[in-house]
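> Just passing along the structure, written as structure tokens.
Numbering (this note's numbering), first residue to last: 36 to 290.
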């Protein structure tokens, strides 16, 4: 049972967006430090694993980083030798300010305010789309996956790293308790406020989980969907591809 003082995660998209904007305005200065602390230093390795899931020969790829936050993926991509164009989108101006500072020395890294449900690019623009810890904040998960599918070129890949919901109920409760207790501790230490990081547990309580994500990807038209659970399912890697040719088109051409 969740502590009574946790808020219910807003169901209305506009209210949720406003709440998320408020949250990240507060946490932006300490965001990178907090993710390292809560993950016991594994966060960067998990993000490197996302980059390793990009197709071979993708060094010149056009990459869209949704919910770019403080610019971790653009920075890691450049440090790994990727030379293609990278566009990072995020709702939070406070997080984008951190991303601009982190990526200031990198060429062809563009950062802009944008929403996962309304990706402002032409169809078939990108070779890869990455999302790090952003799916829990989306009001319309299926709609966002449709938008991502549209933005990818045929043969492109979608890769996400996020929290998940462990299939074991007792382990799920243990993980939520850990995130609540240590989020409260670090909220007090880093910000002087107990509730600074309660949004993590609030969003996870409302998140439909990795099975729903898998269904949303499939309904959006993605194929070769792989869901990899880490640490018993509290961390989840998801990878999916936009087929080079839609099955219906291939069947029609074969007639």
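All residues carry an ideal CB built from backbone N, CA and C; glycine is no exception. Since the model is a prediction, treat every value here as computed from it, not as a measurement.
Report the partner residues of residue 203 according to the DSSP bridge assignment.
Taking the chain shown and counting its residues from 1, the one referred to as residue 203 is at position 168. Its beta-bridge partners do not exist; DSSP assigns none.
> Could you please give the first and the last residue of the uninterrupted alpha helix (DSSP H) stretch that includes residue 118?
Taking the first residue of the chain shown as 1, we reach residue 118 at position 83. Run containing residue 118: none; DSSP gives neither H nor E here.
> Apply the 10 Å Cβ neighbour rule to residue 55 and answer buried if 16 or more other Cβ atoms are within range, or exposed otherwise.
Along the chain shown, one-based indexing puts residue 55 at 20. With 16 or more other Cβ atoms within 10 Å, it is buried.
> Is the separation between the beta-carbon of residue 164 and that of residue 144 shorter than 9 angstroms?
Locating residue 164 in the chain shown gives position 129, counting from the first residue. Locating residue 144 in the chain shown gives position 109, counting from the first residue. No.
> Considering only DSSP beta bridges, list what residue 19 is partnered with.
Absent from the model: residue 19. The displayed extent of the chain is 36 to 290, so no value can be given.
> Taking the alpha carbon of residue 82 as the reference point, which residue from 206, 106 and 49 has its own alpha carbon closest?
Start at 1 with the first residue of the chain shown, and residue 82 comes out as number 47. Answer by Cα proximity: 106.
> With a threshold of 6 angstroms on Cβ separation, who are the neighbours of residue 135 within its own chain once the five nearest residues in sequence on each side are excluded?
As a working note, residue 135 is residue 100 in the chain shown. Only 146 meet the Cβ criterion.
> At the level of alpha carbons, what is the spacing between residue 49 and residue 162?
Taking the chain shown and counting its residues from 1, one reaches residue 49 at position 14. Taking the chain shown and counting its residues from 1, one reaches residue 162 at position 127. Roughly 30 angstroms between the two C-alpha positions.
> For a quick check, are the C-beta atoms of residue 177 and residue 275 less than 9 angstroms apart?
Locating residue 177 in the chain shown gives position 142, counting from the first residue. Locating residue 275 in the chain shown gives position 240, counting from the first residue. The answer is no: Cβ separation not under 9 angstroms.
> Do residue 211 and residue 268 count as a contact pair if the criterion is CB distance below 9 angstroms?
Your numbering for residue 268 matches position 233 in the chain shown. Your numbering for residue 211 matches position 176 in the chain shown. No, the Cβ-Cβ distance between residue 268 and residue 211 is not below 9 angstroms.
> What did DSSP end up calling residue 188 once you bin it into helix, strand or coil?
Position 153 of the chain shown holds residue 188. Correct three-state label for residue 188: strand.
> Drop a sphere of 10 angstroms on the beta-carbon of residue 286, count the other beta-carbons inside from all chains shown, and report buried for 16 or more, exposed for fewer.
Numbered from 1 along the chain shown, position 251 holds the residue referred to as residue 286. At residue 286 the pLDDT is 41, less than 50, meaning the model places this residue with poor confidence; the figure from the coordinates comes in the next sentence. By the neighbour-count rule (16 or more Cβ atoms within 10 Å), residue 286 is not buried but exposed.
> Under 7 angstroms Cβ to Cβ from residue 40, same chain only, skipping five residues before and after it: list those, please.
Along the chain shown, read from residue 1 onward, the residue named residue 40 stands at position 5. Reliability of the predicted coordinates at residue 40 is poor, the pLDDT of 49 falling under 50, and the value obtained from them is presented with this limitation in mind. Counting only Cβ-Cβ distances below 7 angstroms, and skipping sequence neighbours, we find nothing.
> In the DSSP output, which residue or residues are listed as bridge partners for residue 193?
Sequence index remark: in the chain shown, residue 193 carries index 158 (1-based). According to DSSP, residue 193 bridges with 164 and 275.
> For the alpha helix (DSSP H) containing residue 54, name the first residue and the last one.
Indexing the chain shown from 1 puts residue 54 at position 19. Note, residue 54: alpha helix (DSSP H), 48-62.
> Counting along the chain, where does the beta strand (DSSP E) carrying residue 98 start and finish?
Numbered from 1 along the chain shown, position 63 holds the residue referred to as residue 98. Segment 98-101, the beta strand (DSSP E) holding residue 98.
> Give the DSSP-derived three-state secondary structure of residue 78 in the structure shown.
Walking along the chain shown from the start, residue 78 turns up at place 43. Helix, per DSSP.
> Three-state secondary structure (DSSP) at residue 172?
Residue mapping note: residue 172 aligns to position 137 of the chain shown, counting from 1. Three-state result, residue 172: helix.
> Cutting at 6 angstroms between CB atoms, please list the residues of its own chain near residue 174, excluding the five before and the five after it.
Stepping through the chain shown from its first residue, residue 174 is reached at position 139. 48 and 51, listed in sequence order.
> Residue 198 to residue 103, Cα distance in whole Å?
On the chain shown, position 163 is the one that residue 198 refers to. On the chain shown, position 68 is the one that residue 103 refers to. Cα to Cα, residue 198 sits roughly 16 angstroms from residue 103.
> When the Cα atoms are used, what is the spatial distance from residue 171 to residue 239?
What you label residue 171 is simply residue 136 of the chain shown in a count that begins at 1. What you label residue 239 is simply residue 204 of the chain shown in a count that begins at 1. Each residue's alpha carbon lies about 7 angstroms from the other.
> Specify the secondary structure class of residue 67 as computed by DSSP and reduced to three states.
Numbered from its first residue, the chain shown carries residue 67 at position 32. If DSSP states are grouped into helix, strand and coil, residue 67 belongs with the helices.
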